[in-house]
Structures are given as C-alpha cells and as structure tokens.
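Here the sequence shown is numbered in the numbering used here, starting from 59 and rising by one per residue. Encoded as structure tokens, the structure appears first; notes follow it.
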Amino acid sequence: MEQQASEFIIATRTALSQASALAVQYSFSIVGALLLLVVGWTVASLLSRWAHEGLLRVRGIDETLARFFANVIRYAALLLVFVTVLGQFGVQTASIIAALGAAGLAVGLALQGTLQNIAAGIMLLVLRPFRVGEYIDTGDISGTVREIGLFATELKTPDGLYRLAPNSTLWNVPITNFSRESTRRFELKVGIGYDDDIDLAQRLMRNLAENDRRVLKEPPVDTFVDELADSAVVLTLWYWTAAADFWPTSRDMIKSVKQAFDENGISIPFPQVTYNAHVPGLAQPTARAEREDA
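Shown next, in the form of structure tokens:
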C-alpha cells in the first residue's frame, strides 16, 4: 500500500513537472505570439500609410488606386505575421500556405468576373482614359463620369439618369472622350438650291462664325463646297471653339445660318424626286400634242 502511494506521488510530481515545463514553454510562445501580433499590426499599418502617402505623390495615381495598393500591402503583411505566429506554436506553415493558395485559387475562379472588373479598374485608374467630370461615349455607354471605382464606374446620362457600368465593359472597347481636349471643331453641312448664290451663302456662313466671340481665331474659319447632291449644293462650315462652348455655339450657329439664308433669299431645298409613269394600253402624248396643250 505504501509502495502504491509512493508511485502515485512520484507520477503526480512528474506530471506536475511536465505541466510546469509545458506551461513555461507555451507561456513564452504565447507572449512571443502576442508581441509578434502587436509589432506586426503596427508595422503593417505603418507600411500601409507610407505606401498610401508615397503613391499619392506619384503623378497620375488616383486616390482610390493608392488606397487599394496600401490595403493590399497591409493585408499581405498581416498574413505574414499570422503565419509566423502559427510557427511559434509548432504548426507546419508550409501546409497552411498551400491551403491558403488553394483557397485563393478557388475564390479567384469563383469571382473571375469580379477580379476582371478589378483589373480593368486598376488599368483605368492608371492609364486615365477619362476622369471624373468628363463626358465619354463607348457606343453602348455614354455619360458624364461621376466616380471611378475598382469594380464599376458611375455615370450620369445627358437626360439625367444614373448609370453604373462594370469596368470590364469600359476597358475592352474604344472610348471617345469629349472633354479631354481643350478645343473642338464643329462641322455644319447645309444644302442650298442650284440656282442660289454659292459665294453669298459661303460669305454669310463665314461671317456668322467669325463674328461669334466663342469661335476661336486659330485655326481659322473655313467654308467650302462639299458635294453636288441630287437636290442641293452642299456647303460645309468648319470652326473651332473651346470644349465647354461646343454645344451652345453649335446650336446657335445652326439657327443663325437658317435665319441668314432666309433673309437673303437662299433656299434650303427639300429632297426632290421626279417619277415617269408608264401605263400599258394608254397612249402616251407626243411631243407635238404636248406643245399644243401648252
């Protein structure tokens, strides 16, 4: 009985000794892990802040893009800290990294369309084919840009509607930016009658453009005969304005040209078509009969 009690005491002491050793060992691991977490969190935040401020100093880098890359750096640093902390407890980090890689691949395949929009958004923010406040047209999508995000771009259509366009639909098509250049050329085509005075019509069009203060002096105003159409002689007027004055100037110019032509007796003919009908069995009038009827 005494021998059993002695063995029990020895076993208890051994267990307590091993538990103390493990407690000491894991206490150091826990303290080290906490220190790594605190230091890693601080370093990740500092790296993110430095990256954000540094990217903003780079010309052409958008605020959204700078914030995105700063967050990527921060989360990458935190992931490295997390894997290091697990290594403190003897966890095989290689298997964890492999599992994270497999999970990332699965998520990437599941969110393929979303990732495509993110990639397109990064390219739009880097290359800047359009900026906030500019009017663009892709053929299917048009409007004034209100915000460029990583996933989609917000636009306002000319009739005041809100439109959200995925970035991939804007990146993979030609984009016409109506606001990027500071000046624009307006082209006005007007058809006049064949009996009207071409020189007078051209002079009227040129004077109207040159006397408009919104029309630029350089490049100079130009008018020319563009086409001898079926029902009219087509005249073309070219002039340049500031991009902001393009639409109001063009609307006023169209109205002024019409009024000037009316005041000077220059016609803008309707399309005319002459039909010659032949009815079988009906005698056609001869030239002599036509003269007698006249």
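Quick reminder that beta carbons are idealized off the backbone N, C-alpha and C, glycines included.
- prompt: In this structure, does DSSP put T281 in helix, strand or coil?
  reply: strand
Residues near A352 by beta carbon distance below 8 Å, same chain, minus five either side: For A352, the predicted structure reports a pLDDT of 40, less than 50, and the residue's modelled location is therefore unreliable. A value from the coordinates is still provided. Nothing listed; no residue qualifies.
- prompt: In whole angstroms, what is the alpha-carbon distance linking T294 and W305?
  reply: 18 Å
message: Would P224 and N175 qualify as a contact pair, given that the criterion is a beta-carbon distance under 8 Å?
response: yes
task: Using the Cα positions of F328 and Y252, report the straight-line distance between them to the nearest angstrom.
output: 12 Å
- prompt: Whose C-beta lies closer than 8 Å to the C-beta of A287 among residues of the same chain, with five residues either side of it excluded?
  reply: G249
task: Could you pull out every residue in the same chain whose Cβ sits closer than 8 Å to the Cβ of D284, ignoring the five residues on either side in sequence?
output: K247, V292, L293 and T294
task: Check the DSSP bridge columns for P216 and list the partner residues they point to.
output: DSSP output for P216 lists no bridge partner at all.
message: Given a cut-off of 8 Å on the beta-carbon distance, is the pair G194 and S200 in contact?
response: The question names Gly, yet the displayed sequence has Ile at residue 194. In contact: I194 and S200 (Cβ atoms closer than 8 Å).
message: Would V143 and L94 be called neighbours here (beta carbons separated by less than 8 Å)?
response: yes
- request: Using alpha carbons as the reference points, say which of A177, F319 and V96 lies closest to F140.
  value: V96
- request: Look up I233 in the DSSP assignment and say whether it is helix, strand or coil.
  value: coil
Through-space distance from R243 to E348, alpha-carbon basis: Below a pLDDT of 50, predicted positions are generally treated as unreliable, and E348, at 43, falls in that range; the measurement from the model is reported next regardless. The alpha-carbon atoms of E348 and R243 are separated by roughly 53 Å.
field: C-alpha distance - L114 paired with A124, whole-angstrom precision
entry: 6 Å
query: So what's G249 in DSSP terms, helix, strand or just coil?
result: strand
message: Which residue marks the beginning of the beta strand (DSSP E) containing S200, and which one marks its end?
response: S200 to I206
query: Does DSSP classify R346 as helix, strand or coil?
result: With a pLDDT of 45 at R346, under the threshold of 50, the modelled position of that residue is not reliable, and the figure given next carries that caveat. Of the three classes helix, strand and coil, the one that applies to R346 here is helix, per DSSP.
N- and C-terminal bounds of the alpha helix (DSSP H) containing V292: First-last for V292: V291 to A300, but that is the beta strand (DSSP E), not the alpha helix (DSSP H).
query: Around the Cβ of W108, are there at least 16 other Cβ atoms within 10 angstroms (buried) or fewer (exposed)?
result: exposed
CA-to-CA distance, N269 to R346, given in whole angstroms: The pLDDT assigned to R346 is 45, lower than 50, so where the model puts this residue is not dependable; a value taken from the coordinates is nonetheless given after this. Whole-angstrom Cα-Cα distance: 57 Å.
query: When DSSP builds the beta bridges, which residues end up paired with R221?
result: L213
- prompt: What residue range is occupied by the uninterrupted beta strand (DSSP E) comprising I194?
  reply: Y193 to D195
message: What would DSSP say about A352, mapped onto helix, strand or coil?
response: Unreliable placement is indicated for A352, whose pLDDT of 40 sits below 50; the coordinate value is still reported in the next sentence. Reduced to three states, the DSSP call for A352 is coil.
- request: Over the uninterrupted alpha helix (DSSP H) stretch that includes R261, give me the two end residues.
  value: I256 to E268
field: Residues near E350 by beta carbon distance below 7 Å, same chain, minus five either side
entry: The predicted position of E350 is uncertain, since its pLDDT is 42 and thus under 50; a value taken from the coordinates is nonetheless stated next. No residues qualify anywhere along the chain.
message: Within a Cβ cutoff of 7 Å, which residues of the same chain sit near R204, ignoring the five residues on either side of it in sequence?
response: V190, E212, L213 and K214
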